[in-house]
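Everything below concerns the one structure shown next.
Number of protein chains: 2
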Amino acid sequence: MAKVTANQGLTERLQAALKERGQRWTDQRQIIVDVLAASDGHATGAELVERVRQDDPSATPSTVYRTLDLLEELGLARHHHGPDGRETYHLEETTEHGHLHCRGCGAEQELDAAAAAPILRAITGATGFSADLDHLSLQGLCAACRADQKG
Amino acid sequence: MAKVTANQGLTERLQAALKERGQRWTDQRQIIVDVLAASDGHATGAELVERVRQDDPSATPSTVYRTLDLLEELGLARHHHGPDGRETYHLEETTEHGHLHCRGCGAEQELDAAAAAPILRAITGATGFSADLDHLSLQGLCAACRADQKG
DNA sequence: ATGCTTATTGCAACGTGTTGCGATAGACTT
DNA sequence: AAGTCTATCGCAACACGTTGCAATAAGCAT
Ligand SMILES: [Mn+2]
Ligand SMILES: [Mn+2]
Ligand SMILES: [Zn+2]
Ligand SMILES: [Zn+2]
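If you read the protein sequences in the order shown, they are chains A and B.
When we follow the working numbering, the leftmost residue of the first sequence carries the number 3, and every step to the right adds one.
When we follow the working numbering, the leftmost residue of the second sequence carries the number 3, and every step to the right adds one.
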């Protein structure tokens, strides 16, 4: 009897991808995928570790982080870094997007692909680099905070 | 007899700024500023801790990091984050610039103010944010790696 | 079902910072 | 020169990840 999981489709894709690489499907990995899927939006590595350990207290940080790395390799998860450098993960079900952090008010804003397009074009134009939108995380001042400052 | 230091001007600016804030000038701070000035270009926090401890083995990481924070507050140092999130510092003698890391070949490229201008404009146009160039650190593929990949 | 092979796991140690606290020592006053 | 005030320091503990290694357990073959 298969365990009931919230995301059948994802699980099956993963199992297939792993088999193809000679890698294995384990309970830990099922739990981690489930937790990540349930952590709608973003979650830091530490938060994910904590949630996984609620389902399976024997799970350790090393396993969780190794699995997150694996999921990124397989293109099923992405991370970026907060202004303090800490990692933040999300499943790659949502569309690709970047992040903006205001150092004035702390607000975090998402940058969707459409809004990012001219920015990425400007980056390529100026440098030849093609930047990864998923990993892009800018710090600065939002419009409101800039207005306050002028005040 | 004043200790011989490599950067008189900087030290004097610092002493004045500290006095104005009711803060103190210490041997530790002299050493840290000297080390930072000698670490031409960029250095990670850990590297700076190590170099400071060569001059003064009694110095501890907490003091070094607290001093780096202080120098940033005073506008004398800046940091950004590598692709792994680790902090990297440099004195704010050099002109403001951003950083690009190629995930293909590992190359790191600096982005000077002139090259960055159109990018920052695009960011403000798309989002209203005014991004901090100093803290900007992008991951992506450089032109060469992109060409290879197509090959 | 049983055994084999080796990917995965947990553990322990390490690397990089951060924080609270009591001891030390700058800087200013007398 | 001595005393006062309090900023700074070192220490110990913690938070967040990463890595090497020996034990475990998937997945496959018999
Ligand atoms: Mn930062
Ligand atoms: Mn990263
Ligand atoms: Zn703001
Ligand atoms: Zn490259």
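The beta-carbon is built from N, C-alpha and C at its ideal position, and this holds for glycine as well.
Bear in mind the structure is a predicted one, so any value in this text is a computation, not a measurement.
Report the neighbours of E94 of chain A on chain B: residues whose CB is nearer than 9 Å to its CB, in chain order. Ordered by position in chain B, no residue passes the 9 Å Cβ test against E94 of chain A, which lies about 16 Å from the chain.
Hey, how far is the Cα of E22 of chain A from the Cα of Q56 of chain B? 51 Å
Unbroken alpha helix (DSSP H) run spanning R148 of chain B, endpoints: A145 to K152
Below 6 Å CB to CB, which residues in the same chain sit around A19 of chain B once its five sequence neighbours on both sides are set aside? For A19 of chain B, the CB contacts under 6 Å within the same chain, skipping 5 residues up- and downstream, are L76 in chain order.
Measuring alpha carbon to alpha carbon, tell me which residue in B:S132, B:G142 and B:G43 is nearest P120 of chain B. B:S132
Does the stretch 47-64 of chain B come within contact of the stretch 24-38 of chain B, defined as at least 3 CB pairs closer than 8 Å? yes
Distance cut-off 6 Å: C104 of chain A Cβ against heavy atoms of ligand 4: no
Does any C-beta atom of chain B lie closer than 7 Å to the C-beta of A145 of chain A? yes
Which residues, in order along the stretch 44-64 of chain A, keep a beta-carbon less than 8 Å from a beta-carbon of chain B? none
Report yes if the C-beta of A149 of chain B is less than 6 Å from at least one heavy atom of ligand 4; otherwise report no. No, Cβ of A149 of chain B sits at least 6 Å from all heavy atoms of ligand 4.
Quick one: residues in its chain with C-beta nearer than 8 Å to the C-beta of E49 of chain B, no 5 flanking neighbours on either side, listed in chain order? Excluding residues up to 5 positions away in sequence, S41 lie with their Cβ nearer than 8 Å to the Cβ of E49 of chain B in the same chain.
Is P85 of chain B near ligand 1, going by C-beta to nearest heavy atom under 6 Å? No, since every heavy atom of ligand 1 falls outside the 6 Å radius drawn around the Cβ of P85 of chain B.
Taking only runs of the alpha helix (DSSP H) that begin and end inside the stretch 30-117 of chain A, which ones reach a length of at least 4 residues, in chain order? 47-57 and 63-75
What separation, rounded to the nearest whole angstrom, lies between the Cα atoms of G146 of chain A and G130 of chain B? Residue 146 of chain A is actually Ala in this sequence, not Gly. Near 9 Å, if we compare the C-alpha coordinates of G130 of chain B and A146 of chain A.
Contact check, H99 of chain A vs L113 of chain A under 8 Å by CB: the rounded distance? 6 Å
Does DSSP put L140 of chain A in a helix, in a strand, or in coil? DSSP places L140 of chain A within a strand segment (E or B) once states are collapsed to three.
Note down the Cα distance separating G11 of chain B from A124 of chain B, rounded to an integer number of angstroms. 37 Å
Quick check on this structure: which residue in A:P85, A:A79, A:G24 and A:T97 has the alpha carbon closest to the alpha carbon of V37 of chain A? A:A79
Can you tell me whether C107 of chain A sits near ligand 3, meaning its C-beta is under 6 Å from at least one heavy atom of the ligand? yes
Residue range of the unbroken alpha helix (DSSP H) whose run includes T13 of chain A: Q10 to E22
Pairwise C-alpha distance: P85 of chain A and Q141 of chain A: 7 Å
Answer yes or no: do S128 of chain A and A128 of chain B have a C-beta to C-beta separation smaller than 7 Å? Note on identity: in this sequence residue 128 of chain A is Ala, with Ser being the wrong assignment. Not in contact: A128 of chain A and A128 of chain B (Cβ atoms no closer than 7 Å).
Closest Cβ-Cβ distance between R26 of chain A and chain B: below 7 Å? no
Nearest chain A C-beta to H103 of chain B closer than 7 Å, yes or no? no
Could you name the residues of the stretch 120-136 of chain B whose beta carbon sits closer than 8 Å to any beta carbon of chain A, in the order they occur along the chain? P120, I121, R123, A124, I125, G127, A128, T129, G130, F131, S132, A133 and D134
If you count every other CB in all the chains shown that lies within 10 Å of the CB of C144 of chain A, and 16 or more means buried, which is it? buried
Examine chain B for any beta-carbon lying closer than 7 Å to the beta-carbon of D83 of chain A, and answer yes or no. Correcting the residue identity first, residue 83 of chain A is His in this sequence and not Asp. It does: the Cβ of H83 of chain A has a partner Cβ on chain B nearer than 7 Å.
Neighbourhood of Q151 of chain B by C-beta distance below 8 Å, restricted to the same chain and skipping five residues each side: G106 and L143
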